[in-house]
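Participant: Numbering (the working numbering), first residue to last: 30 to 339.
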Amino acid sequence: MADKPLVIGSRGSPLALRQSELVKSRLSEAQPHLPITVRRILTTGDRRAGPPLHQIGGKGVFTKEIEEALLRGEIDLAVHSLKDLPTRLPDGLCLGAITAREDARDAFLSNRFGCLAALPLRSTVGTSSLRRQCQLLHLRPDLEVKNLRGNLDTRLRKLDAGDYDAIILACAGLIRLGLDHRIREKLSVDTICPAIGQGALAVEVRCDDRLTLERIQGLDDGDSRRAAEAERSLLGRLGGGCQVPIAGFAVVREAQLQLTGLVGAADGSRLIREFGQAPLEEPAQLGRSVARRLLDRGAGELLRMTGLTM
Numbered sequence: 030m031a032d033k034p035l036v037i038g039s040r041g042s043p044l045a046l047r048q049s050e051l052v053k054s055r056l057s058e059a060q061p062h063l064p065i066t067v068r069r070i071l072t073t074g075d076r077r078a079g080p081p082l083h084q085i086g087g088k089g090v091f092t093k094e095i096e097e098a099l100l101r102g103e104i105d106l107a108v109h110s111l112k113d114l115p116t117r118l119p120d121g122l123c124l125g126a127i128t129a130r131e132d133a134r135d136a137f138l139s140n141r142f143g144c145l146a147a148l149p150l151r152s153t154v155g156t157s158s159l160r161r162q163c164q165l166l167h168l169r170p171d172l173e174v175k176n177l178r179g180n181l182d183t184r185l186r187k188l189d190a191g192d193y194d195a196i197i198l199a200c201a202g203l204i205r206l207g208l209d210h211r212i213r214e215k216l217s218v219d220t221i222c223p224a225i226g227q228g229a230l231a232v233e234v235r236c237d238d239r240l241t242l243e244r245i246q247g248l249d250d251g252d253s254r255r256a257a258e259a260e261r262s263l264l265g266r267l268g269g270g271c272q273v274p275i276a277g278f279a280v281v282r283e284a285q286l287q288l289t290g291l292v293g294a295a296d297g298s299r300l301i302r303e304f305g306q307a308p309l310e311e312p313a314q315l316g317r318s319v320a321r322r323l324l325d326r327g328a329g330e331l332l333r334m335t336g337l338t339m
């Protein structure tokens with residue numbers, strides 16, 4: 030079994046394939062004689078590239094078909110952007126590794142303006158994320174936020190075609206594709222709090238596949254896993270997915286795990302932000318604690334306003 034080939038499942042977008050190749054490269058460095066292939070799998074989110082994500086299912090639209098292939102044994106592991114993964118995985122699947130996190134911040138891109146603050150009144154900003162929308166409109170209620178879907182190259186082409194004055198994307202994807210020169214401003218987490226898990230890659234496997242779990246153990250980054258567990262615990266307690274106005278960012282500082290959580294009204298009229306910290310061994314408890322404080326301050330009502338039932 031030691032020479033059994035390893036098959037990685039991936040979406041077919043350039044960014045997804047690049048992320049899978051990064052994982053493949055890491056595995057090949059540690060196990061140079063292991064045959065590894067990447068299999069492209071078309072997902073619902075890729076097939077329906079027009080409507081906003083929250084209208085076609087939110088979290089899970091980029092992972093469902095890949096997870097089904099994993100459960101059928103057609104692939105041995107799946108590489109996902111962690112922010113795309115629901116907090117509850119299908120029975121029989123688990124997170125075998127969470128890679129070291131890339132820059133988790135959001136990026137401001139524009140061909141005419143150097144930063145978010147420089148945008149003139151009533152400028153058009155493209156994003157498909159309610160999380161970004163609510164924070165942008167809270168900062169700048171004068172802006173016109175328009176839906177922006179498609180893979181990263183498609184979004185950049187729409188910006189270059191003049192469809193938007195600016196767009197907001199994740200720094201991590203741009204960096205991984207060598208497009209970080211397009212970033213005009215990296216938005217601080219205090220300006221735009223990132224999505225849950227943004228910047229980290231998740232390696233999903235079958236829980237009973239001991240051989241694959243052993244092969245990928247070197248990919249796991251302890252601090253990134255702790256941060257992810259805190260953020261995903263926050264999201265799980267709030268009952269949300271990636272396409273509701275929920276944000277969270279955890280980081281290890283001074284031997285403590287620190288977590289900021291945010292819930293907003295989609296129109297930006299109200300944001301609720303809470304902060305907490307805990308020992309490194311208590312990420313799930315920290316996430317639930319910050320979520321509870323958000324709910325105590327009215328986060329549940331804001332989420333109900335977006336159509337999410339608590």
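A virtual CB, placed ideally from N, CA and C, is assigned to each residue, including glycine.
#1: Going by beta-carbon coordinates alone, are E50 and T72 separated by less than 8 Å?
#2: Kindly list the residues whose CB is nearer than 6 Å to the CB of G125, restricted to its own chain and excluding five residues on each side of it in sequence; keep chain order.
#3: Give the secondary structure of P308 by DSSP, where H, G and I count as helix, E and B as strand, and everything else as coil.
#4: Any idea which residues DSSP pairs S110 with across the strands?
#5: Would DSSP call D189 helix, strand or coil?
#6: Counting beta carbon pairs with one atom in the segment 285-297 and one in the segment 315-331, are three or more of them shorter than 8 Å?
#7: Between Q164 and I221, is the Cβ-Cβ spacing less than 8 Å?
#8: Give the DSSP bridge partners of L291, in chain order.
#9: Smallest Cα separation from M334: which of L159, L138, P119, R101?
#10: Is Q164 helix, strand or coil when you go by DSSP?
#11: Check each candidate in K33, G155, A307 and name the one with the smallest Cα separation from V281.
#12: Do you know whose CA, among A195, I37, G74, lies nearest R151's CA?
#13: Taking I37 as the reference, which of I65, S57, S110 has the closest Cα?
#14: What residue does the alpha helix (DSSP H) around K53 start on, and which one ends it?
#15: To which residues of the same chain is E258 closer than 8 Å at the C-beta, ignoring the five residues directly before and after it?
#16: If I measure Cβ to Cβ from E131 and keep anything under 7 Å in the same chain, skipping five residues before and after, which residues do I get?
#17: I believe L177 touches T156 by the beta-carbon criterion, under 8 Å. Please report the beta-carbon distance rounded to the nearest angstrom.
#18: Got a sec? Which residues, its chain only, sit under 6 Å from V319 by beta carbon, not counting five neighbours each side?
#19: From D32, H62, R68, pick the residue whose C-alpha is nearest to that of R47; which is it?
#20: Who pairs with E214 in a beta bridge, going by DSSP?
#21: Check each candidate in C144, A136, A199, L300 and name the one with the smallest Cα separation from K112.
#22: In terms of alpha-carbon separation, which member of V273, R261, D105, S57 lies closest to D237?
#23: Can you tell me the Cα-Cα spacing of E330 and D32, whole angstroms?
#24: Let's see if you can read the secondary structure: which residues bound the beta strand (DSSP E) around G251?
Facilitator: For this structure:
#1: no
#2: V232, V234, L242, I245
#3: strand
#4: L230
#5: helix
#6: yes
#7: yes
#8: A276, R302
#9: L159
#10: helix
#11: A307
#12: A195
#13: I65
#14: 43-59
#15: P312, A313, G316
#16: A201, I204, R205, G228
#17: 6 Å
#18: L263, L288, G290, E303, G305
#19: R68
#20: F137
#21: A199
#22: D105
#23: 54 Å
#24: No beta strand (DSSP E) contains G251, which is instead part of the alpha helix (DSSP H) from 251-267.
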